[in-house]
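Visitor:
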Amino acid sequence: MGLSATDGVGHSFGPHSHEQLDNYLRLDKNLGAFIQKLESEVGSGKVLYILSSDHGALGLPEYLKSQGIDSGRIPHLKRDSLYTFVQNEIEKQVGPGKVTRYGNFFYYDKSINQMEQEVATEILKSHLSKLDGIHTVITKEDMLKGGDSVYKTRLKNMVHPDKSPDVYLIPKKYWTWKYPQGASHGSPYDYDAHVPLIFARAGQKAKIKMVRVKTVDIAPTVAKILQIDFPKSIDGKALNLDE
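So for the sequence shown, my numbering puts the first residue at 1120; every next one is plus one.
The following block contains the structure:
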């Protein structure tokens, strides 16, 4: 069951807002009514509840600044001006139709050769990295290399070898593309990757486990509880809820 209003409210008003607080209080009340109805139909103690999310979120930059955190909104006018400049430079030095921008991402045409690609990449990196709030300008190839850090692993997991953009702009931590108001997500930082993962069932003792788990652990964990075989090659692992 998707409880998606939290996403819309969060985007519009931020996760620390009174609007989101009101939404959560109403959601909690509705979930309570749903659980009561469900258990009245199937019987108390016969349901396994799992609560999670598809992503976290960045707080409003204005709120984060008030807490002493270096946060901000990437300036759109300056961004758009730089985008126009780099596109013109690429057309001059590489040729028209070789690079296409979609949103804040850049795609290389299939006709572009290696030398042209290197020139285009250098133009994009040298100019767009100067934009306020940008941490790095990185190619898909570099992201796919991954690394031994959580940050680099997340970058790698963000891309598809064939379908993803060729050049990405990665904002600084606590900075957002969202302008002029509201909040967003989509970065490789902890606040976007951190989600709740709650299992509740009859007889389960309440406790908090301070270990790194993943949302892909849900399916094998449910399979284990239901005593269903599952391929060992899948992403995720069965969690031991009794430890």
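The C-beta atom is built at its ideal place from N, Cα and C for all residues, glycine as well.
Got a sec, what are the start and stop residues for the beta strand (DSSP E) ALA1319 sits in?
Guide: Start and end: 1316-1319.
Visitor: Does DSSP put SER1306 in a helix, a strand or coil?
Guide: SER1306: coil per DSSP, three-state reduction.
Visitor: Excluding the 5 residues preceding and the 5 following PRO1307 in the sequence, name in chain order all residues of the same chain whose CB lies nearer than 6 Å to its CB.
Guide: For PRO1307, where only same-chain residues beyond five positions count, the Cβ hits under 6 Å are TYR1270, ARG1273, LEU1274.
Visitor: Does the distance from the CB of ILE1344 to the CB of LEU1167 come in under 9 Å?
Guide: Result yes, Cβ atoms of ILE1344 and LEU1167 sit closer than 9 Å.
Visitor: Determine the direct distance from the alpha carbon of TYR1310 to that of TYR1182, and round the result to whole angstroms.
Guide: If you take the alpha carbons of TYR1182 and TYR1310, they lie about 15 Å apart.
Visitor: Assign LEU1247 to one of three DSSP states: helix, strand, or coil.
Guide: Reduced to three states, the DSSP call for LEU1247 is helix.
Visitor: In the DSSP assignment, find the alpha helix (DSSP H) that holds ILE1154 and state where it starts and stops.
Guide: First-last of the alpha helix (DSSP H) with ILE1154: 1137-1161.
Visitor: Does the distance from the CB of GLY1175 to the CB of HIS1279 come in under 9 Å?
Guide: Their beta carbons are not under 9 Å apart, which means GLY1175 does not touch HIS1279 by this criterion.
Visitor: Apply the 10 Å Cβ neighbour rule to GLY1187 and answer buried if 16 or more other Cβ atoms are within range, or exposed otherwise.
Guide: It is exposed - the Cβ of GLY1187 has fewer than 16 other Cβ atoms within 10 Å.
Visitor: Could you give the residue range of the alpha helix (DSSP H) that holds THR1203?
Guide: Looking at the DSSP string, the run of the alpha helix (DSSP H) that includes THR1203 is 1195-1212.
Visitor: From GLN1323, LYS1356, LYS1333, ARG1331, pick the residue whose C-alpha is nearest to that of PRO1339; which is it?
Guide: The candidate whose alpha carbon is nearest that of PRO1339 is LYS1356.
Visitor: Throw me the rounded Cβ distance for the ILE1253 and PRO1290 pair, which I believe falls under 8 Å.
Guide: With a Cβ gap of about 6 Å, ILE1253 and PRO1290 count as contacting.
Visitor: For MET1329, count the other beta carbons within 10 Å of its own beta carbon; 16 or more makes it buried, fewer makes it exposed. Which is it?
Guide: Exposed.
Visitor: Taking the alpha helix (DSSP H) that HIS1130 falls in, what are its first and last residues?
Guide: That run of the alpha helix (DSSP H) goes 1124-1132.
Visitor: Throw me the rounded Cβ distance for the LYS1259 and ASP1285 pair, which I believe falls under 8 Å.
Guide: Contact flag correct, Cβ pair sits at about 5 Å.
Visitor: Could you give the C-beta distance for LEU1360 and GLN1323, rounded to a whole number, given that I count them as a contact under 8 Å?
Guide: Sure, about 7 Å apart at Cβ, within 8 Å.
Visitor: I need the DSSP call for VAL1341, collapsed to helix, strand or coil.
Guide: Note: VAL1341 maps to helix in three-state DSSP.
Visitor: Please classify ALA1302: is it buried, with 16 or more other beta-carbons within 10 angstroms of its beta-carbon, or exposed?
Guide: ALA1302 comes out buried.
Visitor: Applying the criterion that 16 or more other CB atoms from any shown protein chain within 10 Å of the CB defines a buried residue, is HIS1304 buried or exposed?
Guide: So HIS1304 ends up on the buried side.
Visitor: With 16 other CB atoms within 10 Å as the buried threshold, where does SER1190 fall?
Guide: So SER1190 ends up on the buried side.
Visitor: So TYR1182 is in the alpha helix (DSSP H); what residue range does that whole segment cover?
Guide: 1180-1185 is the span of the alpha helix (DSSP H), which, as asked, contains TYR1182.
Visitor: Suppose the cutoff is 6 Å on Cβ atoms and the five residues either side in sequence are ignored; what does the same chain contact list for ALA1239 look like?
Guide: Excluding residues within five positions, the ones whose Cβ falls inside 6 Å are ILE1209, VAL1213, VAL1218.
Visitor: For VAL1256, which of helix, strand or coil comes out of DSSP?
Guide: DSSP places VAL1256 in strand when its eight states are reduced to three.
Visitor: Quick one, which of SER1268, ASP1267, LEU1263 has its alpha-carbon nearest MET1277's?
Guide: Taking only the C-alpha atoms, the option nearest MET1277 is LEU1263.
Visitor: Measure the C-alpha to C-alpha separation of PHE1224 and LEU1250 and round it to an integer number of angstroms.
Guide: In a straight line, the C-alpha of PHE1224 is about 14 Å away from that of LEU1250.
Visitor: Using alpha carbons as the reference points, say which of GLN1236, PRO1299, ALA1124, LYS1165 lies closest to PRO1215.
Guide: Of GLN1236, PRO1299, ALA1124, LYS1165, the residue nearest in Cα terms is GLN1236.
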